[in-house]
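Engineer: Numbering (this note's numbering), first residue to last: 69 to 593. For every residue, glycine included, the Cβ atom is placed at its ideal position computed from N, Cα and C. My questions all concern the structure below.
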C-alpha cells in the first residue's frame with residue numbers, strides 16, 4: 069500500500085490588474101486514476117460548474133472536459149493532464165508529448181505563474197492518415213472555435229473551447245497550440261536515412277562534455293507542415309479568433325506560432341514560402357497592410373495578436389516532440405508573462421534580457437540569419453513577427469511586435485498596455501453598476517481612472533513629463549449622448565501616450581579629412 073501526498077495549496081487571491089495569466093485551449097489527455105482534489109473542485113464550484121446554474125455533468129467535471137481550470141505550477145498540470153502520452157501511430161505503440169502540454173511546460177519554464185487550461189478533447193495520433201485527418205478536421209476545429217450556434221455571452225452552460233475566454237477576465241494571453249497541427253496533412257514517413265541534426269556550434273566548458281542527442285525514432289518523425297490550402301485554413305481560423313477577441317475580449321492578446329510550410333508551398337502569385345516568407349505571409353493574407361486594417365474601434369484586430377517564429381529546438385522538445393521541434397507560442401507566452409511581473413506589461417521582452425530564459429534553446433527550424441543589414445529578410449520579418457534568432461551570446465527574442473502594420477499599434481508592449489488599461493477600466497466601471505448615472509458618479513469614476521493611470525505613468529508606461537502630457541480622462545456630459553443616458557450607459561474617454569521601446573539606434577560618424585586632422589594637431593595649445 070502506497071502513501072501519496074497531494075500538495076495542492078489554495079490559490080492566492082486574484083489580482084484584478086495582473087496581466088500575466090495565459091489561457092491554453094486545446095487537445096490534451098486526462099491522467100487516469102488522479103481524481104480532482106477538493107481545492108481544485110472548489111475552484112470549479114466557485115465558477116458555477118459544479119453546483120451553479122450552469123453545472124456540468126459529474127463525469128465531465130471529473131474528466132476536465134471544457135472546464136477552465138487555473139493552475140499555479142507545472143506540477144499541478146503534470147499531475148492531472150496526460151500531456152506526454154499522445155500516440156505517435158494509430159496502434160499507440162509509441163508515445164510523445166502533446167503540443168498543448170509542451171506549450172504549458174515552456175510557459176512555466178520561462179517564468180509564467182498562472183495558466184488556465186481548457187481541455188477540449190484528446191489529441192489524435194501524430195501519424196494519422198490523411199483521409200481521417202481531413203474528415204475530422206472540421207469537428208476538431210469546432211471544438212476549439214465553436215460555430216454551430218451563435219455565441220451566447222450570458223449562457224455559460226453553452227460555452228465551448230475559445231468561448232470560455234469570455235468568462236475569464238483575468239486571462240490576458242490566449243494560446244491555441246494545436247492549431248498548426250490541426251490544419252496540417254499527414255507528414256511524410258520517417259526518413260530513416262536522414263542524419264540527425266548536429267548540435268549547434270559554440271563555446272562550452274572544456275571539462276564538461278555534452279552528451280549527444282539520443283538517436284530516437286521520434287526525432288525522425290517530421291513536425292507538422294502546411295501546404296497552401298492548409299495555410300489558408302489556418303489563416304481563416306486566426307481571423308475567427310481575432311474577430312472573437314475584437315467583439316468580446318479586447319483586453320486579451322492572442323499568441324500564435326506561425327506554422328511551418330511544406331517544401332513546395334507557394335502563394336497564388338507564385339511566391340515560395342521557404343524562400344521569401346514575409347512576402348508569402350502578406351500574399352496569403354496572414355499579414356495585412358496598413359490600409360486593410362480596420363481602425364473603426366481604435367485598435368485594429370491585427371493588434372490583438374502576436375505571431376511567433378520559427379519553431380524552436382529546446383532541450384525538452386528534443387526528447388518528446390516530433391523532429392525535436394516545438395512551436396514558439398508557449399515560449400513567447402512565458403517571456404511576456406515573466407516580463408509583465410518583473411518589468412510591467414508595457415515593457416518589451418525582446419533583447420538581451422531574454423537570453424537567460426532561452427538557455428535551453430539549441431536550434432530552430434528554420435534558423436534565421438540575424439545581425440545583417442536592417443533591410444535583410446530576417447530584419448524585415450522581425451518588424452511584423454516576434455522573431456527568435458541566435459546572436460553571439462545565444463538565442464534571444466529579437467522583436468516584440470504585434471501583427472499590425474500601423475506604427476501606433478505595432479509595438480507589442482503598447483498593444484498589451486492598452487489591453488491592460490481596458491481591463492482595469494472595466495473593473496473600475498463594475499463598481500459603478502446600479503449607481504445613479506449623474507455628475508457625482510462621473511466625477512468619482514473620473515478620479516478613480518486618473519489615479520489608476522497615474523500609477524501606470526509613474527511606472528514608466530506613458531511618455532510625457534507631466535500627467536497632462538501623459539494622459540487625460542473625460543467622463544461628463546460631452547462623452548455621452550441622451551441615448552446613452554436613457555439606456556444607462558456610462559462612457560469614459562481615456563487618452564494616453566504609450567512609451568515606445570527603441571528598436572534601432574543609428575550612429576552616424578563623420579570623418580574629417582587628413583588635412584583637417586593635421587591642422588588640428590598643429591594648432592597652438
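1. Going along the chain, which residues of its own chain have a beta-carbon closer than 7 Å to the beta-carbon of residue 42, five neighbours each way excluded?
2. Please state whether the Cβ-Cβ distance between residue 491 and residue 319 is less than 8 Å.
3. Helix, strand or coil: how does DSSP classify residue 583 here?
4. Among the candidates 398, 132, 154 and 249, whose CA atom is the shortest distance from the CA of residue 228?
5. Helix, strand or coil, according to DSSP, for residue 416 in the structure here?
6. Cutting at 8 Å between CB atoms, please list the residues of its own chain near residue 503, excluding the five before and the five after it.
7. Could you tell me the boundaries of the beta strand (DSSP E) in which residue 433 lies?
8. Could you check whether residue 454 and residue 376 sit closer than 8 Å to each other, using their CB atoms as the reference points?
9. Looking only at DSSP bridge pairs, what is residue 150 linked to?
10. Nearest CA to the CA of residue 500: which residue from 536, 530, 554 and 560?
11. How would you label residue 461, buried or exposed, when you count the other beta carbons within 10 angstroms and need 16 or more for buried?
12. Below 7 Å CB to CB, which residues in the same chain sit around residue 249 once its five sequence neighbours on both sides are set aside?
13. On a Cα-Cα basis, can you pick out the residue from 341, 201, 135 and 98 that is closest to residue 158?
14. Could you check the C-alpha separation between residue 382 and residue 215 for me, to the nearest Å?
15. Could you compute how far the alpha carbon of residue 351 sits from the alpha carbon of residue 336?
16. Between which two residues does the alpha helix (DSSP H) carrying residue 456 extend?
17. Report the three-state DSSP secondary structure of residue 422 (helix, strand or coil).
18. My output table needs one value for residue 80: the three-state DSSP class, helix, strand or coil.
19. Is residue 472 helix, strand or coil by DSSP?
20. Kindly provide the ranges of any beta strand (DSSP E) runs that are 3 or more residues long and lie completely inside the region 534-571, ordered along the chain.
21. Would you tell me roughly how many angstroms separate the C-alpha atoms of residue 520 and residue 539, rounded to the nearest one?
22. With DSSP as the reference, label residue 241 as helix, strand or coil.
23. Across the region 359-377 and the region 136-143, are there enough close Cβ pairs to call them in contact, namely three or more that are closer than 8 Å?
24. What residue range is occupied by the uninterrupted alpha helix (DSSP H) comprising residue 200?
25. Name the DSSP bridge partner or partners of residue 465?
26. Shortest alpha-carbon distance to residue 411 belongs to which of 451, 527 and 175?
27. Looking only at its own chain, which residues have a Cβ that is under 7 Å from the Cβ of residue 589, when we skip the five neighbours before and after it?
28. Where does residue 136 fall in DSSP's three states?
29. Pop quiz: residue 240 and residue 487 are said to be a contact at Cβ under 8 Å. What is the actual Cβ separation, rounded to whole angstroms?
30. For residue 67, is the classification buried or exposed, using 16 other Cβ atoms within 10 angstroms of its Cβ as the cut-off for buried?
31. How about residue 91 and residue 213: are their beta carbons less than 8 Å apart?
32. Taking the alpha-carbon of residue 477 as reference, which of 427, 232 and 414 has the nearest alpha-carbon?
33. Between which residues of its own chain and residue 457 is the CB-CB distance below 6 Å, once the five residues before and five after are set aside?
34. Please report the straight-line C-alpha distance between residue 584 and residue 348, rounded to a whole angstrom.
35. Taking only the alpha-carbon atoms, compute the straight-line gap between residue 86 and residue 342 and give it to the nearest angstrom.
36. Would you grab the beta carbon distance between residue 115 and residue 405 for me? Rounded to a whole angstrom, and I think it's under 8 Å.
Structural biologist: Reading off the structure:
1. Nothing about residue 42 can be read from this structure; the chain reaches only from 69 to 593.
2. Taking the chain shown and counting its residues from 1, one reaches residue 491 at position 423. Taking the chain shown and counting its residues from 1, one reaches residue 319 at position 251. It is a contact, given that the beta carbons lie within the stated cut-off.
3. Working through the chain shown from its first residue, we reach residue 583 at position 515. Any answer about residue 583 is weak, because its pLDDT of 48 lies below 50 and its placement is not dependable; what the coordinates show is given next. DSSP places residue 583 in helix when its eight states are reduced to three.
4. Looking up residue 228 in the chain shown gives position 160. With distances taken between Cα atoms, residue 228 lies closest to 132.
5. The count along the chain shown starts at 1 and reaches residue 416 at position 348. Coil.
6. Along the chain shown, read from residue 1 onward, the residue named residue 503 stands at position 435. These residues qualify, in order along the chain: 509.
7. Start at 1 with the first residue of the chain shown, and residue 433 comes out as number 365. From DSSP, the beta strand (DSSP E) with residue 433 extends over 429-433.
8. The count along the chain shown starts at 1 and reaches residue 376 at position 308. The count along the chain shown starts at 1 and reaches residue 454 at position 386. Their beta carbons are under 8 Å apart, which means residue 376 touches residue 454 by this criterion.
9. Residue mapping note: residue 150 aligns to position 82 of the chain shown, counting from 1. Residue 150 pairs with 97.
10. In the chain shown, counting from the first residue as 1, residue 500 sits at position 432. Out of 536, 530, 554 and 560, 560 has the C-alpha closest to the C-alpha of residue 500.
11. In the chain shown, residue 461 corresponds to position 393, counting from 1. Exposed.
12. Taking the first residue of the chain shown as 1, we reach residue 249 at position 181. So the qualifying residues of the chain are 167 and 292.
13. Translated into the one-based positions of the chain shown, residue 158 becomes position 90. Nearest C-alpha to residue 158: 201.
14. Taking the first residue of the chain shown as 1, we reach residue 382 at position 314. Taking the first residue of the chain shown as 1, we reach residue 215 at position 147. Those two C-alpha atoms are separated by around 35 Å.
15. Within the chain shown, the letter at position 283 stands for residue 351. Within the chain shown, the letter at position 268 stands for residue 336. When rounded, the distance between both Cα atoms is 8 Å.
16. Walking along the chain shown from the start, residue 456 turns up at place 388. Element bounds for residue 456: not the alpha helix (DSSP H) but the beta strand (DSSP E), 454-459.
17. As a working mapping, residue 422 is identified with position 354 in the chain shown. Residue 422 falls in the helix class under three-state DSSP.
18. Along the chain shown, one-based indexing puts residue 80 at 12. Low confidence applies to residue 80: its pLDDT is 47, below 50, so where it sits in the model is not reliable, and the reading given next is rough at best. Reduced to three states, the DSSP call for residue 80 is coil.
19. In the chain shown, the residue the question calls residue 472 occupies position 404. Residue 472 falls in the coil class under three-state DSSP.
20. 539-542 and 561-564
21. Indexing the chain shown from 1 puts residue 520 at position 452. Indexing the chain shown from 1 puts residue 539 at position 471. If I take the Cα positions, the gap works out to 11 Å.
22. As a first step, residue 241 is located in the chain shown; it is residue number 173 there, counting from the start. DSSP places residue 241 in strand when its eight states are reduced to three.
23. no
24. The count along the chain shown starts at 1 and reaches residue 200 at position 132. Its alpha helix (DSSP H) spans residues 198-212.
25. The residue labelled residue 465 in the question sits at position 397 within the chain shown. 456.
26. Working through the chain shown from its first residue, we reach residue 411 at position 343. Comparing Cα-Cα distances from residue 411 to each of 451, 527 and 175, the minimum goes to 527.
27. Your numbering for residue 589 matches position 521 in the chain shown. With a pLDDT of 44 at residue 589, under the threshold of 50, the predicted position of this residue should be treated as unreliable, though the coordinate-derived value follows. Excluding residues within five positions, none has a Cβ falling inside 7 Å.
28. The residue you call residue 136 lines up with position 68 of the chain shown. Residue 136: strand per DSSP, three-state reduction.
29. Along the chain shown, one-based indexing puts residue 240 at 172. Along the chain shown, one-based indexing puts residue 487 at 419. Yes, residue 240 and residue 487 are in contact; Cβ-Cβ is about 6 Å, under 8 Å.
30. This structure gives no information on residue 67, because the portion of the chain shown stretches from 69 to 593.
31. Your numbering for residue 91 matches position 23 in the chain shown. Your numbering for residue 213 matches position 145 in the chain shown. In this structure, residue 213 does not lie closer than 8 Å to residue 91 by Cβ.
32. Within the chain shown, numbered from 1, the residue matching residue 477 stands at position 409. Residue 477 has its Cα closest to that of 414, out of 427, 232 and 414.
33. In the chain shown, counting from the first residue as 1, residue 457 sits at position 389. Excluding positions up to five away in sequence, the list reads 436, 438 and 466.
34. Translated into positions along the chain shown, residue 584 becomes position 516. Translated into positions along the chain shown, residue 348 becomes position 280. Caution applies to residue 584, whose pLDDT of 45 falls short of 50 and renders its modelled position unreliable; the model cannot decide the point.
35. Indexing the chain shown from 1 puts residue 86 at position 18. Indexing the chain shown from 1 puts residue 342 at position 274. Each residue's Cα considered, the two are about 39 Å apart.
36. Counting from one through the chain shown, the residue named residue 115 turns up at place 47. Counting from one through the chain shown, the residue named residue 405 turns up at place 337. About 22 Å separates the two Cβ atoms, so there is no contact after all.
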